[in-house]
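Below you'll find the structure, written out as structure tokens, and then a few comments.
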Amino acid sequence: MAQDIIQFKVSGAVQGVNFRYYTQKEAQKLGLKGHCYNHSDSSVQGVAVGSSDKVEQFRKWLEKGPPSAEVHKVELIKEMRNASEADVEKAVGSSSGFEVRR
Numbered sequence: 001m002a003q004d005i006i007q008f009k010v011s012g013a014v015q016g017v018n019f020r021y022y023t024q025k026e027a028q029k030l031g032l033k034g035h036c037y038n039h040s041d042s043s044v045q046g047v048a049v050g051s052s053d054k055v056e057q058f059r060k061w062l063e064k065g066p067p068s069a070e071v072h073k074v075e076l077i078k079e080m081r082n083a084s085e086a087d088v089e090k091a092v093g094s095s096s097g098f099e100v101r102r
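Counted from 1, the sequence shown has number 67 at position 67 by the UniProt record's numbering; the numbering is strictly sequential.
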């Protein structure tokens with residue numbers, strides 16, 4: 001099955017408001033693999049891998065975020081459609097789910 005990869009950066013009031021936790025829950029609900037983490041520039045960044053429609057749903061969710069957050073901007077640092085298995089492996093390693101990294 002073809003998979004898409006996005007590397008994202010979410011700016012705004014997204015740290016200290018459980019944004020990563022809710023991002024993980026949304027990704028898990030959609031069956032995505034990947035991770036997210038707090039970046040030193042006060043953004044939340046990460047990678048998501050999955051079917052095209054699920055990755056698109058996730059991207060749209062990132063634009064709103066959870067009620068506790070205030071999203072100002074979502075940047076797609078990298079976007080790859082129909083990624084090869086090697087590209088997926090490079091993006092998420094052997095991870096079988098979506099994790100919050102510190």
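Using N, Cα and C, we set each Cβ at its ideal position, and we do this for glycine too. Fair warning: this is a prediction, and the values are worked out from it, not measured in the lab.
Residues of its chain near residue i, where Cβ-Cβ distance is below 6 Å and the 5 sequence neighbours each way are ignored
i             : result
serine 52     : Asp4
valine 14     : Val44, Ala69
lysine 64     : none
tryptophan 61 : Glu26
histidine 39  : Gln45
glutamate 75  : Lys9
Range of the contiguous alpha helix (DSSP H) that encloses residue i
i           : result
residue 112 : What is shown of the chain runs 1 to 102, which leaves residue 112 out entirely.
Integer Cβ distance of residue i from residue j, believed to fall under 8 Å
i             : j          : result
serine 96     : lysine 33  : 7 Å
asparagine 82 : alanine 27 : That pair is no contact at about 20 Å.
Cut-off 7 Å between Cβ atoms - residues of its own chain near residue i, not counting five sequence neighbours on either side
i           : result
tyrosine 21 : Val100
leucine 30  : Gly50, Lys54, Gln57, Phe58
Cβ-based neighbour list, residue i, same chain, cut-off 8 Å, excluding 5 preceding and 5 following
i           : result
tyrosine 37 : Arg20, Val44, Gln45, Gly46, Val100, Arg101, Arg102
Any contact between the stretch 61 to 74 and the stretch 86 to 93? By contact I mean 3 or more CB pairs, one from each, below 8 Å. no
Length-filtered (4 minimum) alpha helix (DSSP H) runs lying within the UniProt domain "Acylphosphatase-like" (5 to 102): 19 to 30, 52 to 64, 85 to 92
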